[in-house]
Amino acid sequence: YDYTKGVSNLPGKPHSLTIWKTKDSVFEGLRFVQSQMWTMTIAHSEDVLLENIFVSSHSSNGYPARNTDGADTLASNRITFRVGRLTTGTTVLNMILRRGLGIAMGSIGQYNGVYEYIENVLARNITCIGTRYAGYIKTWTGIQQSYPPNGGGGGTGVVRNITWKDFHLIDVYQQPVQLTQCTSFSGATGGCDTSTLQISDVTWGPMTGNITYNILARLQCSGAAPCQNVRFDGMNGIKVNGTGARIKCSNVATPVGFNCTEGL
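52 is the number of the first residue of the sequence shown in our numbering; add one for each residue after it.
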């Protein structure tokens, strides 16, 4: 982490374990410490169970443990993560999450003109301890700005039928609900209403516990494809830091179970 000095996607960093074109398989009892890049990559695979896995990647100084995702799935179906503990500097998947960002869908839409999709995902019985978010979605803008890996955009597709439920939050330090269609690296800004990638049928909740912030949700959908059927189910059990839970929104066409309190 000292060598990368916080640079995202620095070339040459190894993935700890790559599961490629694998079917009907189980990986269990694994332990990963101080991953240099993505810890586990599951690609072009289906019917895979990952169980009882420990991941811990963290920095002891000012340089972050950049890109040390607990696990990433690409072009795969019916992947199950069950019972584990992860402590990382970025996105993680499993039962107990310490620090990190939470459980992410995406990013998606980075490659110009390429159709991608994320659908039929359930995250359940998760404890988040000191994470930034609980469950979040991120897509790139609809216009390409620079080139991958640290730039891009202009991809299309869908994110649908995603559920985060039965979460317990302990000192989550930003909003547990995060959705952005404004991802753009390489110093680029703007274009937040340009993505045509459609997000629909997404549910957060039930969730309990506390956050050290006064914003419950930040939902930044694209004006070119407003989000459809975004639902909160049992989110009133979260204790926020302040007198009221703020819900900040843009281009949420059909909110269910909540009202936006302010714009973005």
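For each residue, glycine too, the CB sits at the ideal point set by N, CA and C.
Backbone secondary structure at residue i - three-state DSSP
i    : result
F105 : strand
A296 : coil
A239 : coil
H66  : coil
D244 : coil
F83  : strand
P306 : strand
R150 : coil
G206 : coil
9 angstroms Cβ cutoff met for residue i and residue j
i    : j    : result
I221 : N261 : yes
V165 : T207 : yes
D244 : S273 : yes
R133 : N171 : no
I180 : D217 : no
T254 : D284 : yes
L101 : M91  : yes
Y114 : G153 : no
P277 : N302 : yes
CA-to-CA distance, residue j to residue i, given in whole angstroms
i    : j    : result
G193 : Q225 : 26 angstroms
R129 : N212 : 14 angstroms
Q85  : S111 : 11 angstroms
A275 : A185 : 26 angstroms
L125 : I159 : 10 angstroms
A174 : D53  : 33 angstroms
T119 : P65  : 10 angstroms
L270 : Y187 : 9 angstroms
R82  : S96  : 21 angstroms
Per-residue burial, residue i [other beta carbons within 10 Å of its own, 16 or more giving buried]
i    : result
G63  : exposed
S237 : exposed
D75  : exposed
T305 : exposed
P227 : buried
T294 : exposed
W89  : buried
E313 : exposed
T231 : buried
V106 : buried
G151 : buried
W215 : buried
Rounded Cβ spacing between residue i and residue j (contact assumed at less than 8 angstroms)
i    : j    : result
S197 : G205 : About 11 angstroms; that fails the 8 angstroms criterion.
T55  : R117 : 6 angstroms
V209 : M156 : About 11 angstroms; that fails the 8 angstroms criterion.
S59  : N163 : That pair is no contact at about 19 angstroms.
A94  : S67  : With a Cβ gap of about 14 angstroms, A94 and S67 do not count as contacting.
P257 : G288 : 7 angstroms
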